[in-house]
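Visitor:
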Amino acid sequence: MTGRLRGKTAFITGAASGIGRASALLFAAEGARVVACDINAGGEDVAQAIRKAGGDAEFVHADVTDEQAVARAFAVATGRYGPPDVLHNCAGGSTDDDAAVDELSADTLDHVLRVDLRSVVLCSRAAIPLMTGHGGGSIINMSSFVAFRGVFNIHAYISAKGALVSLTRAMAGRYARDRIRVNAIAPGIALSDRAAARMASGNIAPTLTFRFEDYPFATGSPEDIANVALFLASDESRMISAQTIVADGGLSSY
Ligand SMILES: NC(=O)c1ccc[n+]([C@@H]2O[C@H](COP(=O)([O-])OP(=O)(O)OC[C@H]3O[C@@H](n4cnc5c(N)ncnc54)[C@H](O)[C@@H]3O)[C@@H](O)[C@H]2O)c1
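Residues in the sequence shown are numbered from 1 upward in steps of one, following the numbering used here.
Here it is as structure tokens:
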């Protein structure tokens, strides 16, 4: 590893598993101090693995949909490492009870919007004043290729992930003056345990009608997406803001 994040502190939500976990491990290996935030106590294992490898990490337990919990998490993180340079809003995911609007329950809609959209607003709201007072930073949101492809019957999730594309652009415009870059990643299929299980579920499997052999780069690992996040977190991407990087091997394009 080459120290691409040396001297930086990264606050990563959803760090107990999947893409968030892969980002936490990679960012730490590249020299970042990592705040591994998750509702799942498995975040402690990630922090321990980083420390065991000689890195610096702290697990912070929080439900990122809860205002008070988010405020506490950032207070703990700042007390430990100072203001964050990077916020990777990774907590989220689609659910089995999501559906097309004519079958979508209001409770499911509310739940998905809380986890996939409200959490991003709350964590960004907590991080931005800290970054501003510290000379700037990089915020990385997680959209999805499904926001760009109208065949999926998971309309609550698509609403949240589409909103994140617009919110990313709007936040980038508003906070550029504070030297904060804001970008998003729209992955294709990154085979976290959750994503692998979701591929077989009743509200996804029937819509996977394309031929996977036409999209050899559409499926990958959480580490593949963590590499994109690393680029956006590092100063190598210092001219890039307001963008959604679609890492889906063309799935949403042809
Ligand atoms: N894996 C993919 O193929 C894929 C594709 C497109 C977008 N995404 C997005 O990438 C992100 C990560 O996906 P993943 O596949 O790694 O998921 P994952 O389920 O492996 O990890 C998500 C993590 O978020 C945590 N989390 C969930 N709700 C939380 C809450 N309220 N507070 C704190 N933590 C919470 C979970 O405990 C879990 O550790 C999600 O936003 C997802 O929508 C993933």
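For each residue, glycine too, the CB sits at the ideal point set by N, CA and C.
1) Taking the Cβ atom as the reference point for each residue, do residue 22 and residue 226 lie within a distance shorter than 7 Å?
2) Around the C-beta of residue 75, are 16 or more other C-beta atoms found within 10 angstroms, so that it is buried, or is it exposed?
3) Using the C-alpha atoms, what's the distance from residue 248 back to residue 103?
4) Nearer than 6 Å: is that true of the beta carbon of residue 64 relative to any heavy atom of ligand 1?
5) Cα separation between residue 100 and residue 85?
6) So what's residue 177 in DSSP terms, helix, strand or just coil?
7) Cα separation between residue 195 and residue 211?
8) With 16 as the cutoff for other CB atoms within 10 Å, does residue 131 come out buried or exposed?
9) Which value, in whole angstroms, describes the spacing of the CA atoms of residue 12 and residue 200?
10) Please tell me whether, using a cut-off of 6 Å, the distance from the CB of residue 40 to the nearest non-hydrogen atom of ligand 1 is below it.
11) At a cut-off of 6 Å, would you count residue 14 as near ligand 1, judging by its Cβ distance to the nearest heavy atom?
12) In three-state DSSP terms, what is residue 153?
13) For ligand 1, is there any heavy atom lying closer than 6 Å to the beta carbon of residue 19?
14) Ligand 1 and residue 131: does any heavy atom of the ligand fall closer than 6 Å to the residue's C-beta?
15) Measure the CB-CB distance between residue 71 and residue 37 and report whether it falls below 7 Å.
16) If you check the beta carbons only, do residue 105 and residue 157 fall under 7 Å apart?
17) In whole angstroms, give me the CA-to-CA distance for residue 164 and residue 137.
18) What are the boundary residues of the alpha helix (DSSP H) that residue 138 is part of?
19) How big is the Cα-Cα spacing for residue 168 and residue 45?
20) Comparing C-alpha positions only, which one of 111, 41, 126 sits nearest to residue 159?
21) Quick one: residues in its chain with C-beta nearer than 6 Å to the C-beta of residue 172, no 5 flanking neighbours on either side, listed in chain order?
22) Given residue 251, which residues of its chain have a CB within under 6 Å of its CB, disregarding the five upstream and five downstream residues?
23) So, at 7 Å on beta carbons, what are the nonlocal neighbours of residue 153 in its own chain, with the 5 sequence-adjacent residues on each side left out?
Guide: Checking against the coordinates, here is how it stands:
1) yes
2) exposed
3) 28 Å
4) yes
5) 38 Å
6) helix
7) 18 Å
8) buried
9) 28 Å
10) yes
11) yes
12) coil
13) yes
14) no
15) no
16) no
17) 18 Å
18) Taken as a continuous stretch (DSSP letters only), residue 138 belongs to no alpha helix (DSSP H), being part of the beta strand (DSSP E) at 137-142.
19) 30 Å
20) 111
21) 182, 241, 242
22) 145, 188, 215, 218
23) 99, 100, 203, 207
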